[in-house]
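**Q** Residue numbers (this note's numbering): 118 to 762.
1. Strictly by DSSP, which residues pair up with residue 249?
2. Quick check on the burial criterion: 16 or more other C-beta atoms within 10 angstroms. Buried or exposed for residue 698?
3. Cβ-heavy atom distance between residue 719 and the ligand GTP below 7 Å?
4. By alpha-carbon positions, which one of 396, 723, 261 ends up nearest to residue 374?
5. Would the region 743–757 count as touching the region 690–705 if we require 3 or more Cβ pairs under 8 Å?
6. By the DSSP assignment, the beta strand (DSSP E) with residue 194 in it spans what residues?
7. State whether the region 198–206 contacts the region 283–291, with contact taken as three or more CB pairs (one from each stretch) at a distance under 8 Å.
8. According to the Cβ coordinates, are residue 656 and residue 721 closer than 8 Å?
9. Taking only three categories from DSSP, how would you classify residue 383?
10. Tell me whether residue 760 sits in a helix, a strand or coil according to DSSP, three-state version.
11. Among residues of its own chain, excluding the 5 on either side of residue 360, which ones have a beta-carbon nearer than 6 Å to its beta-carbon?
12. Does DSSP classify residue 160 as helix, strand or coil?
13. In whole angstroms, what is the alpha-carbon distance linking residue 400 and residue 194?
14. In the DSSP assignment, the alpha helix (DSSP H) including residue 240 goes from what residue to what residue?
15. Where residue 120 and residue 144 are concerned, what is the direct C-alpha to C-alpha distance, given to the nearest angstrom?
16. Mind reading off the beta-carbon distance from residue 369 to residue 220? Whole number of angstroms is fine, and I expect it under 8 Å.
17. Under 8 Å between the Cβ atoms of residue 266 and residue 254?
18. According to the neighbour-count rule (16 or more other Cβ atoms, all chains shown, within 10 Å of its Cβ), is residue 465 buried or exposed?
19. Could you name each continuous beta strand (DSSP E) segment of 3 residues or more that falls completely within the region 250–313, going from the start of the chain to the end?
20. Check each candidate in 163, 225, 680 and name the one with the smallest Cα separation from residue 362.
21. From residue 185 to residue 733, what does the alpha carbon distance come to, in whole angstroms?
22. Return the CA-CA distance between residue 293 and residue 665, expressed in angstroms with no decimal places.
23. Locate the alpha helix (DSSP H) running through residue 691, then write down its first and last residues.
24. Quick test of your reading: residue 739 and residue 704, contact by CB under 8 Å. State the CB separation rounded to the nearest angstrom.
25. In the structure shown, what three-state DSSP assignment does residue 703 receive?
26. Kindly identify the DSSP beta-bridge partner or partners of residue 653.
27. Would the beta-carbon of residue 199 fall within 8 Å of that of residue 158?
28. What does residue 662 pair with, by DSSP beta-bridge criteria?
29. Once you ignore the five residues that flank residue 192 on each side, which residues in its own chain have a CB closer than 7 Å to its CB?
30. Tell me which residues share the same chain as residue 365 and place their Cβ nearer than 7 Å to its Cβ, disregarding the 5 neighbours each side in the sequence.
31. In chain order, what residues of the same chain have a beta carbon less than 6 Å from the beta carbon of residue 350, not counting five sequence neighbours either side?
32. Just verifying my parser: in three-state terms, what is the DSSP assignment at residue 339?
33. Kindly indicate the opening and closing residues of the alpha helix (DSSP H) around residue 351.
34. Return the bridge partner residues of residue 391 from the DSSP annotation.
35. With a threshold of 16 other CB atoms inside 10 Å of the CB of residue 311, please say whether the residue is buried or exposed.
36. Is it true that the CB of residue 343 sits closer than 8 Å to the CB of residue 330?
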């Protein structure tokens with residue numbers, strides 16, 4: 118059964134407006150009546166796409182990753198998959214690029230690509246991918262980049278025109294490169310986009326040009342063959358560091374504050390065949406409108422105050438209710454209370470004693486005679502008819518009795534056995550304080566006397582000790598001179614000698630030394646060797662990386678590194694995906710492999726990781742890895758990481 122506008126899906130989602138309808142796919146804007154919010158509802162009955170749809174939707178429903186439109190639910194009705202997502206936030210890049218007055222700096226482009234690559238990493242952890250990254254599915258939001266239609270991306274057309282034989286990683290590289298091309302040229306992604314290097318402005322950063330060239334396999338005018346990019350890690354190395362899109366200024370990009378229409382409305386779809394689809398089950402949707410509210414016509418008003426006949430009509434109108442009361446409580450009512458017709462009389466009206474004469478002047482009542490006639494009597498459990506107002510009085514009395522009973526229970530509630538009564542503790546302490554010990558002396562008086570005696574004894578001991586220490590110090594100070602007596606003329610000089618002996622010995626030594634003077638040969642002093650400097654094990658920070666192709670007309674590839682500050686560099690660690698070949702390290706040059714100073718010549722290790730030690734330690738900030746074309750490792754250069762020490 119084909120869903121229609123207003124139908125209810127899964128007894129929860131009401132279809133509000135259609136967004137897209139193609140063979141094997143229907144997309145609706147729906148209203149979730151459980152959570153009272155709008156959402157997108159994807160109805161997928163394409164048998165070839167169901168496996169990828171189920172895998173991607175399940176992963177995103179569990180992860181709640183902010184890079185993608187959040188998947189709320191995944192259900193199945195027979196073979197048909199129902200994917201419920203939030204409405205797409207922000208605006209697609211296609212709409213943003215159409216406004217020429219909105220800025221889009223190279224910094225913003227770098228941030229957009231960086232967050233898209235982050236989203237690819239989330240999918241690659243579960244061996245998944247997005248099959249259609251373009252300016253329609255990549256949206257700008259206040260929180261950054263959001264990728265739309267990920268669960269059904271296998272049903273979307275690839276605007277990068279990748280080859281069928283390419284792997285998922287190569288597909289991701291080509292789509293990111295095609296997205297970069299659209300951002301640089303400010304053209305939306307289409308199936309007929311002509312990718313040309315000449316369309317890229319000359320002031321574009323070199324790494325952006327290399328990504329477009331190698332990611333889309335474009336050729337230069339010189340006809341030199343292009344080495345395709347094989348890994349996302351290499352793309353990230355060329356892209357470099359970036360700032361989160363939400364932290365950029367208004368001069369770089371203007372993030373939207375409102376949400377535009379969903380991406381599924383404009384994104385190109387792949388054509389599906391009817392034989393590749395499942396039929397929609399009859400139980401998929403429930404159609405129908407809200408039941409109509411029917412009301413009976415009101416009974417015409419009749420003035421019942423004119424005659425006895427009118428009063429009798431009022432009694433007949435209430436006879437049915439009284440008859441029901443009679444049947445249910447017959448064992449309670451007595452014949453003196455109500456005289457009803459016999460059950461066999463069938464349709465005869467039920468009689469009830471009423472007053473039909475005019476009320477006397479001395480009767481005071483608030484109710485009319487008709488109200489008294491039409492009131493159904495209330496019968497208590499003892500069989501007595503309860504008069505109007507008596508039931509309220511009885512209920513009020515019962516409520517007061519319940520309150521009084523609760524109050525009495527709260528007052529007389531015994532305290533827990535672990536707590537002693539409050540009154541007993543105070544009376545006991547008073548009795549102990551007033552008890553008599555010796556004659557007429559009370560306990561509290563005796564306690565005060567003992568405390569005074571203890572304080573006086575302690576004070577006496579303290580004063581005695583203070584005076585004794587003062588007297589002993591005076592005696593020791595008057596006993597004698599604290600400085601020892603000493604003859605300063607008899608101070609010895611040397612072992613066992615006095616001052617006079619020292620003078621004579623000095624005279625003899627001077628005479629002897631003047632007679633026999635010996636000269637020792639001068640010793641040749643050598644320079645103390647420099648201490649061995651500790652080896653640096655912490656890689657220096659690199660703030661710029663740039664891949665160079667044929668720099669300054671030299672046949673080969675280079676990789677330029679710019680350190681955050683000038684450092685003493687002694688070695689490098691290079692990790693590539695191939696082995697063999699020969700490379701050179703030059704410092705103090707940015708792009709010319711013939712300038713600067715060569716500090717190392719090496720061969721790439723067969724393990725893929727090569728430790729290059731420089732001929733000497735140099736202080737520099739610019740380092741260039743140069744690999745000539747005739748010595749490429751495995752006829753290619755795929756750099757995974759470089760560390761400088």
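Here a beta-carbon is modelled for each residue, glycine too, at the ideal position from N, C-alpha and C.
**A** By the coordinates alone:
1. DSSP lists no partner for residue 249.
2. buried
3. By its list of ligands, the structure shown contains no ligand whatsoever, and the ligand GTP lies outside what it can speak to.
4. 261
5. yes
6. 188–194
7. no
8. no
9. coil
10. strand
11. 228
12. strand
13. 8 Å
14. 223–241
15. 11 Å
16. 6 Å
17. yes
18. At residue 465, the pLDDT of 43 sits below 50, so the modelled position is not reliable; the number obtained from the coordinates is stated separately. Answer is exposed; the Cβ neighbour count stays below 16.
19. 255–258, 261–264
20. 225
21. 50 Å
22. 20 Å
23. Taken as a continuous stretch (DSSP letters only), residue 691 belongs to no alpha helix (DSSP H), being part of the beta strand (DSSP E) at 673–693.
24. 7 Å
25. strand
26. Partner(s): none; residue 653 has no beta bridge.
27. yes
28. 678
29. 127, 199
30. 224, 225, 228
31. 757
32. coil
33. 349–356
34. None, per the DSSP bridge assignment.
35. exposed
36. yes
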